[in-house]
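Q: Here it is, the structure in full.
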Amino acid sequence: MRFRILLLSGLLWAAFVSAQTSTNSTTIKEIPGFDLTAIDKSVEPCVDFYQYACGNWMKTNAIPADKSRWGRFDQLQEHNFYVLRDILEGAQTKPKGPIETKVGDFYASCMDEAAIEKAGATPLEPAMKRMAGIKDRQQLMEEVSSMHRDGLQALFAFYSQPDMHDANKTIAYIDQGGISLPDRDYYIKDDARSVETREKYQQHVQKMFELAGDSPDASAKEAKTVLAVETGLAKASMDRTERRDPKSRDHMMTTSAAETLAPNFDLAKYFAQSGSPKFSSLNVANPEFFKQVNEQLGSASLDDWKTYLRWRTINSYAPSLSKVFVDEDFAFNGAFLSGQKENEPRWERCVRATNASLGMALGQLYVDRTFGPEGKARTLKMVEAIEAAMHQDIQQLDWMSDTTKQQAYKKLSAIVNNIGYPDKWRDYSSVTVKRDDYAGNLTRAAAFETHRTLQKIDKPTDRKDWGMTPPTVNAYYRPPMNDINFPAGILQPPFYSKDMDDAVNYGGIGVVIGHELTHGFDDQGRKYDAEGNFRDWWTAQDAEAFEKRATCTADEYSSFVSVKDDKGEVKLNGRLTLGENTADNGGLKLAYMALTDIIGNTPVKEIDGYTPQQRFFLAYGQIWCQNVTDQEARKRALTDPHSPGQWRVNGAVQNSAAFQQAFGCKPGQPMVSENACRVW
Ligand SMILES: [Zn+2]
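For the sequence shown, position 281 matches number 280 in numbering that gives the first Met the number 0, and the numbering has no gaps at all.
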């Protein structure tokens with residue numbers, strides 16, 4: 000099933016990298032943090048540093064057939080998947096204890112293709128039958144509520160989040176949602192690729208309805224209806240760039256005001272059936288969406304809405320059903336949208352599904368095997384060194400007044416560092432897992448997660464709850480929690496190795512740490528205070544100075560080309576990627592400052608022909624060595640708040656005087672920006 004964990008669905012947490020959707024199946028050895036063989040010496044570092052650091056790697060690491068992006072980052076995630084497969088294969092044959100039994104049975108149910116084939120479309124039947132029997136809008140909304148309880152996304156989103164003005168308390172949110180394509184723009188834009196995508200999407204929806212048992216004629220009409228309904232939802236949705244401003248999502252109201260705002264949603268009944276505790280106020284993140292869709296609910300026919308809900312169900316279940324569904328789902332989402340040539344092997348999809356459904360149980364086994372207390376201690380030491388660098392950086396700023404600086408120190412010292420894995424493991428004992436019911440297992444796990452997150456409503460915020468599972472190769476900062484989080488999965492080579500010199504480790508995990516810290520002070524993070532409240536702690540003049548600097552970065556990255564192919568050229572959206580680019584530039588600077596504190600300015604011996612300063616920047620550059628399909632690059636240009644690897648490297652180093660000094664770059668060379676942007 001294509002469930003999204005609610006915790007991350009409605010939100011804009013600032014992660015280090017966007018998730019990859021697939022991986023390939025060759026064995027991965029340890030990935031070095033510094034790789035001489037990756038370097039392309041035919042290019043000058045001051046002309047194109049990304050090409051210099053990664054050129055040879057890119058030449059020798061073609062994208063595997065079952066991938067749409069392949070980078071050193073993805074290689075590490077792949078490595079972790081092999082470890083997880085080993086754990087799960089052991090757990091499914093010889094489980095030691097209840098946690099192994101649970102994840103082992105889940106994995107076994109996913110690997111049992113014979114049983115899944117035999118079941119065919121039957122997992123869809125109960126929902127299809129219920130939906131066919133819907134007689135009025137009240138019953139329709141009951142069905143939406145039932146879908147949401149099972150973790151299926153449809154029509155809108157309902158979740159819990161900290162109160163934007165009292166982060167110590169978690170409250171209810173309702174929000175825009177319910178579309179199937181990766182972004183609202185897919186429904187609205189008129190360029191050639193968007194038009195083609197909508198045509199292909201409609202054909203795909205038609206095929207899926209046919210697989211579910213409808214006639215070709217009926218399916219063709221249903222596909223048209225789905226596109227029309229979802230286009231309505233898309234038009235009522237805010238775009239990603241607009242949503243980055245917390246103000247656009249800040250609309251507290253009483254439940255009765257929300258009910259009046261959108262009477263056709265029958266929200267009172269919806270909330271009563273949602274499985275959440277009772278509450279009397281909530282945040283309506285996008286009121287305009289509810290107003291517009293309220294009209295759509297009134298005007299579109301009941302049959303159209305029923306068709307839409309059937310589609311959302313088929314689409315959610317497709318990856319967990321028999322081969323014809325999996326193949327058609329892949330043909331559109333993997334091959335067409337992302338340029339992937341073939342689907343990933345079954346075991347890998349099953350590891351991914353277990354991690355998504357029972358990740359805090361699987362993660363516990365992963366941590367036991369791979370991550371000792373010394374891993375936590377050494378990471379914490381680096382975090383503290385980089386926090387000290389940030390303190391020093393703020394102190395030295397000439398554009399910020401002392402009044403704002405005092406507030407910034409306060410926020411910096413309040414940041415909570417979460418490293419490796421949560422203090423308390425999640426208890427999945429109430430989730431029933433059956434070895435012969437994969438689709439049912441997915442539903443029960445998703446229902447558990449939905450219920451768990453809704454139980455937080457009107458309770459003190461649980462700041463220790465993690466948003467990523469331990470084997471994840473990623474990291475994140477959460478503005479309402481004011482915390483930085485580094486899962487065990489990223490705390491290994493190429494990011495960190497006990498066998499590597501400080502320069503390489505600071506260029507790797509050091510920059511990741513600096514990146515997450517900087518998120519607390521990027522264009523979005525700066526609007527939250529030390530407690531995680533959305534509150535302005537800046538003097539007007541300092542805010543203006545900040546915005547001027549941020550605009551420099553936004554304009555700079557807007558000039559970078561993300562993809563150029565036969566469908567034309569796409570440039571980066573500098574406003575969508577502003578927070579991440581700010582964090583990359585800040586992270587690089589802070590990690591370099593912390594490294595300088597350790598090695599001093601005295602000459603240090605070269606290793607492999609590079610000074611420590613050069614090794615620092617090369618390690619950073621090589622984290623981002625990657626190849627990506629044109630289709631995937633186009634998708635990311637619209638949806639991903641991160642810049643592609645090339646610009647994460649060249650964008651940041653061309654703003655860095657330390658880089659230019661390390662490689663002796665001269666004014667006028669491409670890696671020396673004429674108008675260097677610097678926020679932090
Ligand atoms: Zn980030």
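Note that CB positions come from ideal geometry on N, CA and C, so glycine has one too. The structure displayed is predicted, hence computed values, not measured ones.
Among all the DSSP beta bridges, which residues are the ones paired with Y609?
A: DSSP output for Y609 lists I606 as bridge partner(s).
Q: Going by C-alpha to C-alpha distance, which of D541, A438 and G586 sits closest to A114?
A: It is A438 whose Cα lies nearest to the Cα of A114.
Q: Could you name the residues, in chain order, whose CB is less than 6 Å away from a heavy atom belonging to ligand 1?
A: Chain-ordered list of matching residues: A13, A14, F15, H514, H518, E579 and A582.
Q: Use the C-beta contact count for E579: other C-beta atoms within 10 angstroms, 16 or more gives buried, fewer gives exposed.
A: E579 should be labelled buried.
Q: Rounded to whole angstroms, what's the CA-CA distance from S24 to E343? Just pull it up for me.
A: Reliability of the predicted coordinates at S24 is poor, the pLDDT of 42 falling under 50, and no value is obtained from them.
Q: For E287 and W304, what's the separation of their Cα atoms in angstroms?
A: Straight-line Cα distance between these residues: approximately 20 Å.
Q: Taking the CB atoms as reference points, tell me whether A317 and M237 lie closer together than 8 Å.
A: Their beta carbons are not under 8 Å apart, which means A317 does not touch M237 by this criterion.
Q: Please report the residue range of the alpha helix (DSSP H) in which N572 lies.
A: Where N572 is concerned, there is no enclosing alpha helix (DSSP H), given that its DSSP letter is neither H nor E.
Q: Please report the distance separating the alpha-carbon of Q649 from that of D500.
A: According to the sequence provided, residue 649 is Asn. The question's Gln does not apply to it. Their Cα atoms are separated by approximately 23 Å.
Q: Pull up the CB-CB distance for M110 and R351, whole angstroms please, since I reckon it's below 8 Å.
A: Actually they do not touch by this definition, with Cβ atoms about 13 Å apart.
Q: Tell me whether N354 sits in a helix, a strand or coil according to DSSP, three-state version.
A: Helix at N354.
Q: Between the beta-carbon of P640 and the beta-carbon of A632, is there less than 8 Å?
A: No, the pair does not count as a contact, with Cβ atoms beyond the cut-off.
Q: Considering only their Cβ atoms, is the gap separating Y420 from G466 smaller than 8 Å?
A: Against a cut-off of 8 Å, the Cβ pair of Y420 and G466 comes out as no contact.
Q: For L571, which residues in the same chain have their Cβ closer than 7 Å to its Cβ, ignoring the five residues on either side in sequence?
A: Cβ within range, chain order: Y556, S557, F559, S561, A636, S642 and W646.
Q: Does DSSP classify N584 as helix, strand or coil?
A: N584 falls in the helix class under three-state DSSP.
Q: Pull up the distance between the alpha-carbon of V432 and that of K101, whole angstroms please.
A: One C-alpha to the other measures close to 6 Å.
Q: Let me make sure I understand the geometry here. Which of I170, S108 and K128 has the alpha-carbon closest to that of D457?
A: Of I170, S108 and K128, the residue nearest in Cα terms is I170.
Q: Under 8 Å, do R368 and V415 count as touching if we go by C-beta distance?
A: Not a contact, by the Cβ cut-off of 8 Å.
Q: Below 8 Å between beta carbons: does that hold for M163 and P94?
A: Contact flag unset, no.
Q: Should M251 be labelled buried (16 or more other beta-carbon atoms within 10 Å of its own) or exposed?
A: Counting Cβ neighbours within 10 Å, M251 comes out exposed, since fewer than 16 surround it.
Q: Mark Q540 as exposed unless 16 or more other C-beta atoms lie within 10 angstroms of its C-beta, in which case mark it buried.
A: Flag for Q540 reads exposed.
Q: With 16 other CB atoms within 10 Å as the buried threshold, where does N674 fall?
A: Burial call: exposed.
Q: Ordered along the chain, which non-local residues of its own chain (more than five positions away) have a Cβ less than 8 Å from that of T121?
A: Contacts found: none.
Q: Between the stretch 596-615 and the stretch 529-539, do at least 3 Cβ pairs fall closer than 8 Å?
A: With a cut-off of 8 Å, the stretch 529-539 and the stretch 596-615 do not count as touching, because too few Cβ pairs lie within range.
Q: Between the C-alpha atoms of Q668 and V46, what's the straight-line distance to the nearest angstrom?
A: In a straight line, the C-alpha of Q668 is about 6 Å away from that of V46.
Q: Could you name the residues of the same chain whose beta carbon sits closer than 7 Å to that of G519, not counting the 5 residues immediately before and after it, in chain order?
A: Hits under 7 Å: K410, I414, Y476 and N481.
Q: Okay, do the stretch 251-268 and the stretch 290-298 touch, 3+ Cβ pairs below 8 Å being the bar?
A: As far as the Cβ criterion goes, the stretch 251-268 touches the stretch 290-298, which means the pair count is three or higher.
Q: Express the C-alpha separation of Q613 and F658 in angstroms, rounding to a whole number.
A: Distance between the alpha carbons of F658 and Q613 is about 8 Å.
Q: Rounded to whole angstroms, what is the Cα-Cα separation between V510 and I418?
A: So the alpha carbons of these two residues sit roughly 15 Å apart.
Q: Could you check where the beta strand (DSSP E) with S159 kicks off and where it finishes?
A: Unbroken beta strand (DSSP E) run through S159: A156 to D162.
Q: Find out if the Cβ-Cβ distance for the pair A502, P611 is shorter than 8 Å.
A: Closer than 8 Å, so yes.
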